[in-house]
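Have a look at the structure below, then the notes.
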Amino acid sequence: MLFRSQRPGDDRYMISDGGNTRLMILNELYQETDDKQFYHQDCHFIPWQGEINVLAGHLAENDNRGQLSWIERARGIYEAKRMIEEDAGETISQRELTKRLRALGYTISQSNISKMLYSIEHFLPTLPLTLDAGMGRPQKTEEHTSELQSQPDLV
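Here is the structure:
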């Protein structure tokens, strides 16, 4: 079963409630079998609930499939926090963010939220500077090798 929704004022529909994975599977089955049962699907309409619901649904679906990198998940959490705070008109705590995301169907620990927000606020802005300064794979490999050599039990 696929669910669809429509943004107000938009003439196009979108898949909702984690249906992208099911749609992808149906497309693959249709391509493999050319069977029309995989091409035509009944879709149930869900009234528009808001951008935050769409974001939470995508985060949950992609998290279940393991297709998001840490920084992609962190960006999603950061954006969800921004959206929720904008709607609420106030800053919310990480615990409150955890509760609200859970209510939207996306379960994540407060500890992970803390680490993700820290990554976005502190690490992400410095990455271009770090890479521009020459901290690439050769330096990391060299640094890792010297760490190993300084520990006689590991060499």
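In terms of the working numbering, the sequence shown opens at residue 4 and continues consecutively. Here a beta-carbon is modelled for each residue, glycine too, at the ideal position from N, C-alpha and C.
Practice task
Output the residue ranges of the alpha helix (DSSP H) runs that lie fully inside the stretch 45 to 94 and measure 4 residues or longer, sorted by chain position.
Solution key: 54 to 68 and 73 to 91
Exercise for the section: Express the C-alpha separation of residue 5 and residue 59 in angstroms, rounding to a whole number. Expected result: 17 Å
Exercise for the section: May I ask which residues mark the beginning and end of the alpha helix (DSSP H) holding residue 28? Expected result: 22 to 36
Problem - Per-residue DSSP class, three states only, for residue 5 - result: strand
Problem - residue 94 and residue 116 closer than 8 Å at C-beta - result: no
Exercise for the section: Starting from residue 18, trace the alpha helix (DSSP H) both ways and give me its first and last residue. Expected result: Residue 18 -> not in any alpha helix (DSSP H); beta strand (DSSP E) instead, spanning 17 to 19.
Practice task
Spatial neighbours of residue 33 within its chain, please: CB distance less than 6 Å, with the 5 preceding and 5 following residues excluded, ordered by chain position.
Solution key: 41 and 42
Exercise for the section: May I ask you to report which of helix, strand or coil DSSP gives residue 106? Expected result: helix
Practice task
Mind checking which residues open and close the alpha helix (DSSP H) that includes residue 127?
Solution key: It is not in any alpha helix (DSSP H) - residue 127 carries neither H nor E in the DSSP assignment.
Exercise for the section: Tell me whether the beta-carbon of residue 55 lies closer than 8 Å to the beta-carbon of residue 86. Expected result: yes
Problem - Contact under 8 Å by Cβ, residue 91 with residue 119 - result: no
Exercise for the section: Along the alpha helix (DSSP H) that carries residue 113, what are the first and last residues, could you check? Expected result: 113 to 121
Practice task
Output yes or no for whether 8 Å exceeds the beta carbon distance between residue 10 and residue 51.
Solution key: yes
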